[in-house]
Structures are given as C-alpha cells and as structure tokens.
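Heads up: the sequence shown is residues 56 to 402, going by my numbering.
We put the beta carbon where it would ideally sit given N, CA and C, even for glycine.
These notes concern the structure reproduced below.
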Amino acid sequence: MLGARVGAEARRTGCVLAGVATHAGPVVRTLALRQAAAVAGELAAALSALAPAVAGEALPPESTSQSFFRVREVELSDQQAALHGVLVVHRGLEDLCDAPLSGADLALEVAGMRQSVLDLTGAGPGAGPDPVPPVAVPEPGAGASPESEWSARWLVGHQVHVLFNVCAAVAVADATRHLRHGDGDAALLRLADATVYVRGFPAAMAHASAIPADHYMAEIRHTMAPPSVDVPLSGRQHRGYRLFRAAMKDLLSEVPDSYEQLASRAPELAEARGALLEADIVDGERHVTLAYSMVHLRRSIAQKPEGPDNAVAELRLMRHRRAAQYASLIRFGDHYIADAVAGLRHS
Ligand code: HEM
56 MLGARVGAEA RRTGCVLAGV ATHAGPVVRT LALRQAAAVA GELAAALSAL APAVAGEALP
116 PESTSQSFFR VREVELSDQQ AALHGVLVVH RGLEDLCDAP LSGADLALEV AGMRQSVLDL
176 TGAGPGAGPD PVPPVAVPEP GAGASPESEW SARWLVGHQV HVLFNVCAAV AVADATRHLR
236 HGDGDAALLR LADATVYVRG FPAAMAHASA IPADHYMAEI RHTMAPPSVD VPLSGRQHRG
296 YRLFRAAMKD LLSEVPDSYE QLASRAPELA EARGALLEAD IVDGERHVTL AYSMVHLRRS
356 IAQKPEGPDN AVAELRLMRH RRAAQYASLI RFGDHYIADA VAGLRHS
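Structure follows, in structure tokens:
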C-alpha cells in the first residue's frame, strides 16, 4: 500500500471522476473536469512526495513509435507506476477541459481514468461517495495556439490509450489467473475492470482525434512517416496494445467454451466475458469510422504502395476477423461474418 495520504487522495480523485460524467451542460462539465484535473494534480503531488517521477526522456525508447508518442517501458515500483499513471490521467483531464468529446465518450474515458487511479494506487473505491471538499481550481491560462493544442492532444490522447491498454492487459491476466486457481468471484471483478478499460479504448482514441482532420492531414500525418521518422508508424507497433492482445488470447485459451456452454455452467462468467468481447469488437468498429473521418479512402502511411487495401479496408478486416473469432463466444454473435470468414479459409 502507498500510505494513508495517498489512499485518501486516490479515493477523493475516484469520487470526483465518478461525478464528472453526470454533469451534462458544457459549462458545468468544464468546471467538473477542471476540478477533477486539480484533484488528480494533488494526488500526483502526494505520490511524488514519496519519490520523484522517473525522467522518461532519459530512457531509451523501444521503438520509433514510443519515441514519437513519448512513451517508455521500464520496471517501476508500485509508487512510481501509480505516479506515472496519475500524471497521464492529469494531463488527459487538463486537455479534456477543452477537447470537443461527446458526452458518452467523456463518460467512458473518465471511467477508465478512475479505474486506473484505483488499480494503480491499490485504493478501494470506498464505501460510498465521500463528500469531496472543494479544491482550488486554477484559472485557465492564456493558452497555447489551437494548432499546438491539437498537436499536443494527439500525443496526450495516445498516452491515455496506452495507459488503458496496459491496465486492461493486467486486469485480463489477473482474471485468467483467478480462473486457473478456481477463484471465480475474483475473476468476475477483474473482468469487469478490464471491460471498463476496453470501453475506454475508443473513447481515448476519439480524444486523441478530437482535432480538425485538416490539421491531422497537414501537420501531423507526415511527422509519422519518413523522412521525419525512420519507419512509418502504425498502431500495430503499440507494445501496450500487443500486451493486451496477448492477455486476451490467454484468457480465451482458459475459457474457450461457446456462449451457450459457458452460460449453462457459469452464467455470470458468460456475461462478464461477453461484455469484454463486445467492447473489444466495438473498439474495432469505431476504429474504422474514426480512420475514415481522418483519412477517408487514402492508404495508411504504413501500408506498402503495392498492397490492395487502404487504411479503412485494413481496419474493417481487423474488425471482421475479431467478430468472426468471437461469434460463438457472445450472445449476439455476428454469424454471417463468422460463416464468411470460415468459407474463405476453406476455399
Ligand atoms: C489513440 C489510439 C489510436 C488512434 C487515435 C488511431 C488512429 C488511426 C488513424 C487516424 C489511422 C489512419 C492512419 C493514416 O494513414 O494517417 C489509423 C490506422 C490504423 N490503426 Fe490506429 N489508432 C490508434 C490506435 C491503434 C492501435 C492500438 C492499433 C492496434 C492494432 C491500431 C491499428 C491501426 C491499423 C492497423 C491502421 C491501418 C493500417 C496501418 O496504419 O497500419 N491503431 N489509426
């Protein structure tokens, strides 16, 4: 545990984050986000009083993608992991004060942030929403130009996405371990946590992309391809996301039963697994439409010029493969696609 002060700050942050999503109007919503950002800042200060943050820039990146998105991978103590996670949440919240996100995506992203604060600090959600004393919310500064704000948002949203990927991978791996040890109740809890994160994936993706498509095309896209970087960047290179995919594969090797088989022997587990898999399919679906809004029918920067597909077609294929794989595992599986994919495999 990280101490009573951190525990109390973490629970307070969790309560304030739980309140953000319920604020509907834009003015109240911005105030709620400012308050949440201020509270997350206080939690970061409490954590860094225990030991300062690791200087990420001093660590070698594992890939060009990590270097571009300012992500690093290193062994951390519990305190350091909590601090760095909270710093990502803090930056994300500050940016959300100005980012034009839908209310639904805001609720999902903030729910993922809340879950990560609770998981990383080891603080339970508490018995109920403790009364949260008001915090001093700093006045918004004069602000950077919209263009630099949009370019920063592209990185900040990606960092929140990476945080969710890693936390989801840990939650799924925990659930699988509990299932192997026969602790079904603990597995259900971690599957529910994982689902919060996976629902947050497309919300964080929408956050990163809450910028004009023209700005992406003119100012950001070319910085992710040679000669600006040595290799073209692709989402496939995100190592945190690969960790999540590996954890999902392991989970499904532990519980490979069809939805009906699982529902007859462990109905709650069938529902919890179904919720997670549905969230994963929807993430794939939203990626298609998001990429379409940004690049329309262009080839992605990472595709070989001679290849048949464009970015949208490639993402659609990813969605279809996932939906086919999960069709028998969920209640409302996409059996048309599963049959079509099976037919293609046999032809
Ligand atoms: C914040 C998270 C993400 C955002 C905002 C995002 C956004 C985008 C955008 C805008 C494109 C079109 C790229 C272009 O040509 O300009 C794209 C393509 C693509 N993304 Fe993502 N993406 C994210 C994460 C991921 C992750 C984790 C994966 C993991 C598989 C992924 C896989 C792909 C693939 C396969 C393509 C098309 C082909 C390629 O670039 O390799 N993305 N994404």
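Can you tell me whether residue i is buried or exposed, with buried defined as 16 or more other CB within 10 angstroms of its CB?
| i | result |
| --- | --- |
| Ala104 | exposed |
| Ala182 | Bear in mind that a pLDDT of 48 at Ala182, under 50, signals an unreliable position, so the model cannot answer this. |
| Glu164 | buried |
| Gly179 | exposed |
| Ser308 | exposed |
| Gly255 | buried |
| Tyr391 | exposed |
| Gly96 | buried |
| Val286 | exposed |
| Val253 | buried |
| His293 | buried |
To the nearest angstrom, how far is the alpha carbon of residue i from that of residue j?
| i | j | result |
| --- | --- | --- |
| Val144 | Leu151 | 10 angstroms |
| Ala247 | Ala330 | 8 angstroms |
| Arg276 | Ala223 | 28 angstroms |
| Val211 | Ala263 | 7 angstroms |
| Ala318 | Leu243 | 14 angstroms |
| Asp305 | Arg371 | 24 angstroms |
| Trp205 | Tyr271 | 9 angstroms |
| Arg208 | Ala273 | 15 angstroms |
| Ala226 | Arg300 | 12 angstroms |
| Ala249 | Leu332 | 10 angstroms |
| His236 | Arg60 | 34 angstroms |
| Ser200 | Ala268 | 17 angstroms |
| Gln316 | Gly388 | 14 angstroms |
| Gly290 | Met303 | 18 angstroms |
| Asn365 | Met349 | 13 angstroms |
| Leu88 | Leu131 | 29 angstroms |
| Ala382 | Ala395 | 12 angstroms |
| Pro311 | Ala334 | 18 angstroms |
| Asp240 | Arg320 | 14 angstroms |
| Thr231 | Glu202 | 44 angstroms |
| Ala327 | Thr68 | 26 angstroms |
With H, G and I counted as helix, E and B as strand and the rest as coil, what does DSSP make of residue i?
| i | result |
| --- | --- |
| Phe124 | helix |
| Ile392 | helix |
| Ala223 | helix |
| Asp150 | helix |
| Pro322 | helix |
| Leu307 | helix |
| Gly58 | coil |
| Val215 | helix |
| Ile275 | helix |
| Glu333 | helix |
| Phe299 | helix |
| Asp312 | coil |
| Asp238 | coil |
| Val109 | coil |
| Ala378 | helix |
| Leu138 | helix |
Could you check whether residue j and residue i sit closer than 9 angstroms to each other, using their CB atoms as the reference points?
| i | j | result |
| --- | --- | --- |
| Val75 | Leu161 | yes |
| Gly295 | Val367 | no |
| Arg376 | Glu340 | no |
| Ala258 | Leu142 | no |
| Met384 | Ser283 | Note on identity: in this sequence residue 384 is Leu, with Met being the wrong assignment. Going by C-beta atoms, Leu384 is not nearer than 9 angstroms to Ser283. |
| Arg245 | Ala325 | no |
| Ala393 | Ala378 | yes |
| Gly362 | Arg353 | no |
| Gln214 | Arg125 | yes |
| Leu234 | Thr119 | no |
Which whole-angstrom value is the C-beta distance of residue i and residue j, which I expect to be below 8 angstroms?
| i | j | result |
| --- | --- | --- |
| Met260 | Leu345 | 6 angstroms |
| Gln134 | Ala106 | 6 angstroms |
| Glu117 | Glu128 | 6 angstroms |
| Leu175 | Gly140 | 4 angstroms |
| Phe219 | Gly158 | Their Cβ separation, rounded to whole angstroms, is 19 angstroms, which puts Phe219 and Gly158 out of contact at 8 angstroms. |
| Ala137 | Leu102 | 6 angstroms |
| Arg169 | Leu86 | With 8 angstroms as the limit, Arg169 and Leu86 do not qualify as a contact, their Cβ atoms being about 18 angstroms apart. |
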